[in-house]
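Asks: Before I ask anything, here is the structure I am working with.
Numbering (our numbering), first residue to last: 6 to 280.
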């Protein structure tokens, strides 16, 4: 099975829209008056959720004049947050068809169809013209992509000169081999981590000048430590990213935290500018 098909199978679990609808009902949310903030527990599928998105957005200096591409948009949570907060147009792409379908449904529920569009597409072959975006956004995507050179080159291609790349990603650390499963992979067959040094070199070779690079290891450790303690004390809440991770969600979170604490992975967010 090709890597893209494996990734799609890892994330696409079937019945996602129905599961989210049930979870919203159990959480006391009414579809007729649903807000972007109501969806944040489930549609911000990355370390530290909405908090990380807000931090990264502070680097972006976005406005209604911007046209943004969200690469690996998942359910479109970040795209909807950016559109609502800054009034910008956001085009989201994701390899997982079920994420895109559910994301379009959620975008309709909160009335942001005029600003947010989602499509199934491969990050290595973006279906957009050269230099058509003023900003590119990606969170926790490149771990599943082997061809990093093409990944960064495609983002640079669709960005206008001076356009901004906002990234929040997981990289390999010096601590050795990962413990699996983790949220992005059941095993090493779809996990392609590289070091921060190699990531920097690839970005720069693609014409992306790094302006900000901030480690978020400790913040991520604190976040997952709290999340696991809450799971132990309160159980799994009705609405959350566990709906996207399957039955072994706790094992994945435990391994994620262990890998972080032991230096096997490192988390960073930052800003690069297309030269």
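Don't be surprised by glycine CBs; every beta carbon is placed ideally from N, CA and C.
Being a predicted model, the structure only gives us computed values, none of them experimental.
(1) In angstroms with no decimal places, state the Cα-to-Cα distance between residue 48 and residue 22.
(2) Nearest CA to the CA of residue 32: which residue from 248, 244 and 258?
(3) Taking buried to mean at least 16 other C-beta atoms within 10 Å of its own C-beta, is residue 52 buried or exposed?
(4) Use the C-beta contact count for residue 161: other C-beta atoms within 10 angstroms, 16 or more gives buried, fewer gives exposed.
(5) Would you mind stating whether residue 85 and residue 105 have Cβ atoms separated by less than 8 Å?
(6) Have a look at the DSSP bridge pairing and note the partners of residue 217.
(7) Might you give, ordered along the chain, the residues of its own chain that have their beta carbon closer than 8 Å to the beta carbon of residue 102, omitting 5 neighbours on each side?
(8) Please list, in chain order, all residues of the same chain as residue 217 whose beta carbon is under 6 Å from its beta carbon, the five residues on each side excluded.
(9) Can you tell me whether DSSP reads residue 166 as helix, strand or coil?
(10) Can you tell me which of 185, 173, 70 and 195 puts its alpha carbon nearest to the alpha carbon of residue 137?
(11) Could you check where the alpha helix (DSSP H) with residue 90 kicks off and where it finishes?
(12) Taking DSSP as the reference, what is the three-state secondary structure of residue 144?
Replies: Answer, in terms of the structure:
(1) 12 Å
(2) 244
(3) buried
(4) buried
(5) no
(6) 276
(7) 13, 17 and 125
(8) If we look at residue 217 and ignore the five residues flanking it on each side, its Cβ neighbours are 64, 275 and 276.
(9) DSSP places residue 166 in strand when its eight states are reduced to three.
(10) Comparing alpha carbon positions, the residue from 185, 173, 70 and 195 closest to residue 137 is 70.
(11) 82 to 91
(12) strand
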